[in-house]
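In our numbering, the protein residues as written are 52 to 181.
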């Protein structure tokens, strides 16, 4: 008789937090909703984080996602969009404001205003933490 062991399936629900780790302006919330609707991925949410890299040390991560990690922190925006931040990134993003603006017909995008940044690169996609 042969016995096959299989790993149990674990569905992880992220830990809810009452206070958001960062703030999204109204224009950022609208753009995030537009992006998620355009991607049309069932159950998608906005993942925000930081990773090593970029010209200033840490790079911002901003992407649609559908998979949670057991240490994720999550909250829901006024427009119903769920935002998820991993535990390690929260320390670098606490107090940050994410904005979205359009400069002209060719330029626009998300900007991070991060109080935990000692300096950032010219394009604003990476920073050096304090």
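Even for Gly, the Cβ is constructed at its ideal location relative to N, Cα and C.
One Cα belongs to residue 149, the other to residue 82, and the distance between them is close to 11 Å. In chain order, 72, 73, 98, 99, 100, 123, 124, 125, 144 place their CB closer than 8 Å to the CB of residue 136, counting only its own chain and leaving out the 5 sequence neighbours on each side. Restricting attention to 104, 117, 146, 138, the CA atom closest to the CA of residue 132 is found in 117. Straight across, the Cα-Cα distance linking residue 166 with residue 129 is about 23 Å. Relative to residue 147, the option among 107, 172, 111 whose CA is nearest is 111.
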